[in-house]
Amino acid sequence: MAAAMPALAWNVELPPCLDKFKPFVKSGCFQDGDQSPALVYRSSLDQGSMTVEKCVAECKGNGFRYAGLKYYGVCFCGATVNGPQVDDSKCSFGCSGNKTETCGGDSTLSIWQDPSFAKGPNDVNLDAYKSLGCFTDQSAKGRTLSWPAAVDAATLTTSKCLAACEKQGFPFAGTEYGGECWCGVVLANDTAKVGDAECNIGCRGDGKATCGGASRLNLYVAKELESLEPCGFQAPPTTTVAATTKGPHLL
Numbered sequence: 001m002a003a004a005m006p007a008l009a010w011n012v013e014l015p016p017c018l019d020k021f022k023p024f025v026k027s028g029c030f031q032d033g034d035q036s037p038a039l040v041y042r043s044s045l046d047q048g049s050m051t052v053e054k055c056v057a058e059c060k061g062n063g064f065r066y067a068g069l070k071y072y073g074v075c076f077c078g079a080t081v082n083g084p085q086v087d088d089s090k091c092s093f094g095c096s097g098n099k100t101e102t103c104g105g106d107s108t109l110s111i112w113q114d115p116s117f118a119k120g121p122n123d124v125n126l127d128a129y130k131s132l133g134c135f136t137d138q139s140a141k142g143r144t145l146s147w148p149a150a151v152d153a154a155t156l157t158t159s160k161c162l163a164a165c166e167k168q169g170f171p172f173a174g175t176e177y178g179g180e181c182w183c184g185v186v187l188a189n190d191t192a193k194v195g196d197a198e199c200n201i202g203c204r205g206d207g208k209a210t211c212g213g214a215s216r217l218n219l220y221v222a223k224e225l226e227s228l229e230p231c232g233f234q235a236p237p238t239t240t241v242a243a244t245t246k247g248p249h250l251l
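Letter by letter, the sequence shown follows residues 1 to 251 in full-length UniProt numbering.
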């Protein structure tokens, strides 16, 4: 499994998905770690009344591929699972809100996967990331991208940032201040595209390329790592064509 992202995030928690969506599929029981969490995002949902359905809706609403439950009712989400799978018997704690459901163990997670993602990190390469341009990153509500990648600032290049985000399954990647790399599954709602000239700081590892600016991100997206049916998705209506009867085709 890939190394975990830093636990610190700068995001605003989005509401759970209340729309109908494809049911998540159970992946199994996975080992969690204190220093290297299996799933990067810890929800603030009430642990005392947790169910699988509540955690899954939380992760769906926040754009994550995986939902995980630990220690009776702690809900986590992630774009990849950074831990080994273990025997299902290691996940034996009943959920606090529904004892018939399983919510992990002391240091294990019961993990569920969103089937609406077509591809995972191992199925795409860096060419999947396309530039979106220069975007603002100055909101008091949170960062445009939530997750700082563990990339050496002194040698940062665009490709190193994209590789770090891709490895963790994040569809969005952005460089900032010449030496920062940020990843995310969704963008902050109030970020805005600005002129390319505002992303004017060279990458510390490649001065010929730009890596954002002051409160500005060079932003990239790999659409293949996004859900094909995000929260709120509505399938296009089907069109029924009336059948017509034709006579025999004569030669």
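Where a beta carbon is used, it is the ideal one built from N, C-alpha and C, also for glycine.
Spatial neighbours of residue 42 within its chain, please: C-beta separation below 6 angstroms, excluding the five flanking residues on both sides.
Counted from its first residue, the sequence shown places residue 42 at position 42. Result list for residue 42: 76, in chain order.
Buried or exposed: residue 19, going by 16 or more other Cβ atoms within 10 Å of its Cβ?
The residue you call residue 19 lines up with position 19 of the sequence shown. Exposed: under 16 other Cβ atoms inside 10 Å.
Chain-order list of residues whose beta-carbon lies under 8 angstroms from that of residue 117 (same chain, five-residue window excluded):
Here residue 117 corresponds to residue number 117 of the sequence shown, with the count starting at 1. Correct list, in chain order: 65, 225, 226, 227 and 228.
Express the C-alpha separation of residue 219 and residue 189 in angstroms, rounding to a whole number.
Taking the sequence shown and counting its residues from 1, one reaches residue 189 at position 189. Taking the sequence shown and counting its residues from 1, one reaches residue 219 at position 219. So the alpha carbons of these two residues sit roughly 15 angstroms apart.
Kindly indicate which residue of 191, 213 and 107 has the alpha-carbon position closest to the one of residue 37.
For the purposes of this step, residue 37 is taken as the residue at position 37 of the sequence shown. Selected option, being the one with the closest Cα: 107.
Using 7 angstroms as the cut-off, classify the Cβ of residue 127 as near or not near the heavy atoms of the ligand SAM, replying yes or no.
The ligand SAM is not part of the structure shown, which contains no ligands of any sort.
Over what stretch of residues does the beta strand (DSSP E) that includes residue 131 continue unbroken?
Translated into positions along the sequence shown, residue 131 becomes position 131. 130 to 136 is the span of the beta strand (DSSP E), which, as asked, contains residue 131.
So, do the segment 197 to 204 and the segment 97 to 114 have three or more beta carbon pairs nearer to each other than 8 angstroms?
no
Just checking, does the segment 80 to 93 make contact with the segment 54 to 64 on the three C-beta pairs under 8 angstroms criterion?
no
Assign residue 206 to one of three DSSP states: helix, strand, or coil.
Taking the first residue of the sequence shown as position 1, residue 206 is located at position 206. Residue 206: strand per DSSP, three-state reduction.
Rounded straight-line distance, which links the Cα of residue 185 to that of residue 78:
As a working mapping, residue 78 is identified with position 78 in the sequence shown. As a working mapping, residue 185 is identified with position 185 in the sequence shown. If I take the Cα positions, the gap works out to 9 angstroms.
Name the one or two DSSP bridge partners that residue 148 has.
Translated into positions along the sequence shown, residue 148 becomes position 148. Note: residue 148 sits in a beta bridge opposite 182.
Leaving out five residues before and five after residue 52 in sequence, what residues of the same chain have Cβ atoms less than 6 angstroms from its Cβ?
Numbered from its first residue, the sequence shown carries residue 52 at position 52. Here the set comprises 101.
Decide yes or no for the touch test of the segment 137 to 146 against the segment 118 to 126: beta carbon pairs closer than 8 angstroms, at least 3 of them.
no
Local conformation of residue 48 per DSSP, three classes
Along the sequence shown, one-based indexing puts residue 48 at 48. DSSP places residue 48 in helix when its eight states are reduced to three.
Just checking my contact of residue 156 with residue 179 at CB under 8 angstroms: how many whole Å lie between their CB atoms?
Counting from one through the sequence shown, the residue named residue 156 turns up at place 156. Counting from one through the sequence shown, the residue named residue 179 turns up at place 179. Confirmed, about 5 angstroms.
Start-to-end residues for the beta strand (DSSP E) that takes in residue 102:
Counting from 1 along the sequence shown, the entry for residue 102 is found at position 102. Residues 98 to 102.
May I ask you to report which of helix, strand or coil DSSP gives residue 194?
On the sequence shown, residue 194 is found 194 positions in, with the first residue counted as 1. Three-state DSSP puts residue 194 in a strand.
Looking only at C-alpha atoms, which of 27, 80, 216 and 235 sits nearest to residue 121?
As a first step, residue 121 must be located in the sequence shown, where it is residue number 121. Selected option, being the one with the closest Cα: 80.
Sequence-distant residues of its chain with Cβ nearer than 8 angstroms to residue 95 (five each side left out):
As a working mapping, residue 95 is identified with position 95 in the sequence shown. Correct list, in chain order: 50, 51, 52, 69, 72, 73, 101, 102 and 103.
By Cβ distance below 7 angstroms, which residues in the same chain neighbour residue 98 in space, the five residues on each side in sequence not counted?
Counting from 1 along the sequence shown, the entry for residue 98 is found at position 98. Around residue 98: 51.
Complete runs of the alpha helix (DSSP H) confined to the UniProt domain "WSC" (23 to 115) [at least 4 residues]
52 to 61
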